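Quick note, the sequences are listed as chains W and Y, same order.
Residue 1 is where the first sequence starts when you use the working numbering, and the numbers rise one by one after that.
Residue 111 is where the second sequence starts when you use the working numbering, and the numbers rise one by one after that.
Note that the Cβ used here is the ideal one computed from N, Cα and C, for glycine as well.
It should be emphasised that the depicted structure is a prediction, and the values quoted were computed from it without experimental measurement.
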Amino acid sequence: NAGVTQTPKFRILKIGQSMTLQCTQDMNHNYMYWYRQDPGMGLKLIYYSVGAGITDKGEVPNGYNVSRSTTEDFPLRLELAAPSQTSVYFCASRSNYGYTFGSGTRLTVV
Amino acid sequence: DQQVKQNSPSLSVQEGRISILNCDYTNSMFDYFLWYKKYPAEGPTFLISISSIKDKNEDGRFTVFLNKSAKHLSLHIVPSQPGDSAVYFCAASAPNAGGTSYGKLTFGQGTILTVHP
Numbered sequence: 001n002a003g004v005t006q007t008p009k010f011r012i013l014k015i016g017q018s019m020t021l022q023c024t025q026d027m028n029h030n031y032m033y034w035y036r037q038d039p040g041m042g043l044k045l046i047y048y049s050v051g052a053g054i055t056d057k058g059e060v061p062n063g064y065n066v067s068r069s070t071t072e073d074f075p076l077r078l079e080l081a082a083p084s085q086t087s088v089y090f091c092a093s094r095s096n097y098g099y100t101f102g103s104g105t106r107l108t109v110v
Numbered sequence: 111d112q113q114v115k116q117n118s119p120s121l122s123v124q125e126g127r128i129s130i131l132n133c134d135y136t137n138s139m140f141d142y143f144l145w146y147k148k149y150p151a152e153g154p155t156f157l158i159s160i161s162s163i164k165d166k167n168e169d170g171r172f173t174v175f176l177n178k179s180a181k182h183l184s185l186h187i188v189p190s191q192p193g194d195s196a197v198y199f200c201a202a203s204a205p206n207a208g209g210t211s212y213g214k215l216t217f218g219q220g221t222i223l224t225v226h227p
C-alpha cells in the first residue's frame, strides 16, 4: 500500500545542473500530476498526464520536462536548474475516488 | 491572476470551538471544490469536497458550504481539536472546453490553522 512515492526527499543543486525527480504510484491510476509549492503560496500545476504516453503542460511548465512511458512512473526533469526552481515538488495521482499526493521533494538551487 | 484565494493566512481557535476557513474564487467555470489538509513534510491529504450542484456537504466534524452566487466556500470544523492544527488548502477544478475534466486543480495559498488546547 505504498501509494505515491517520490524520490529523493531532499536535494541541493547548483545552478545549471540537471536532475530528475522520480514519482511512482502503485494504484494503477491513469491521471498523474506534478505540482510545485513555493513558500506562502498554493500548489501550482507544472505538468500532468492522462495516461501512458500522454502528457500536457500545466500552469508553470517552463524549465521542466516530463515523460510517461508506463502507468506507474511519471518523472519530472529539470535540465538547467535555476534559483527560481527552488521549491517543494509534489507528485499526485487520481482515481474516480480522489487524489493521492506523495510526500514531496524539497529542492534547493544555489 | 489568483483564481482561488484564501485571504486569511492564519487562524487560531480554542479546542472545542468552531473553526471556519474561507475561500473565494473568480473562475465561474469551476465545478468541483476540495479541501486539503497538510502537515509539515507531508503531502496534502484530502479532507472533503463539494460539487457545484450542491451547497453543502458534511462528513463528521467537517462541513463545506458553497455559495455560487458569491463565489465563496467555507470549511467548518466542529468541534476543533489540537490534531486539526495544519495548513488547509482550498482547491478547485473546471472542465475543459470539451466538457471533460482532467482533474487539474487550482489551489489557494493556504490557511494555517492552530487549535489551542
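Contacts with chain W (Cβ-Cβ distance below 9 Å) from the stretch 212–223 of chain Y involve Y212, G213, K214, L215, T216, F217, G218, Q219 and G220, listed in chain order.
Under the Cβ distance rule, Y/G153 counts among the residues neighbouring chain W, one pair being separated by less than 8 Å. Excluding five sequence positions before and after W/R77, the CB atoms of its chain that fall closer than 6 Å to its own CB belong to T20 and N65, given in chain order. Per the DSSP secondary-structure output, Y/F140 pairs with nothing in a beta bridge. The three-state reading of DSSP puts Y/D165 in coil, since its state is none of H, G, I, E or B.
Contact annotation: the stretch 128–142 of chain Y does not touch the stretch 53–71 of chain W, with fewer than three C-beta pairs closer than 8 Å. Close CB contacts of Y/Q124 within its chain, under the 6 Å cut and outside five residues either way in sequence, are with H226 (chain order).
Taking 8 Å as the threshold, the shortest C-beta distance from Y/V114 to chain W falls below it.
The beta-bridge partner set that DSSP reports for W/Y97 is empty. Going by beta carbons, W/F90 and W/L43 fall inside the 8 Å limit.
When DSSP reads this structure, W/A92 sits in a beta bridge with W/Y33 and W/F101. The DSSP-derived three-state label of Y/S118 is coil. The beta-carbon of Y/F175 is placed no less than 8 Å from the nearest beta-carbon of chain W. Residue environment analysis places W/I15 among the exposed positions, since fewer than 16 neighbouring C-beta atoms fall within 10 angstroms of its C-beta. Only exposed fits Y/I163, as fewer than 16 other CB atoms lie within 10 angstroms of its CB.
At a cut-off of 8 Å between beta carbons, W/S87 makes no contact with chain Y.
Counting only runs of at least 3 residues, the stretch 49–74 of chain W fully encloses the following beta strand (DSSP E) elements, listed from N- to C-terminal order: 54–57 and 64–66. Close to Y/F199, with beta-carbon spacing below 8 Å, are these residues of chain W in chain order: G42 and L43. By the Cβ neighbour-count rule, Y/K214 is buried, with 16 or more other Cβ atoms within 10 Å of its own. Membership of W/M19 in the beta strand (DSSP E) is indicated by the continuous run M19 to Q25. Taking a beta-carbon distance threshold of 8 Å, Y/F156 counts as an interface residue toward chain W.
Setting aside the 5 residues that flank it on each side, Y/F172 is surrounded in the same chain by W145, L157, I158, L185, H186 and I187, each with a C-beta closer than 8 Å to its C-beta; the list follows chain order. In the displayed model, Y/Q124 falls within a strand according to three-state DSSP.
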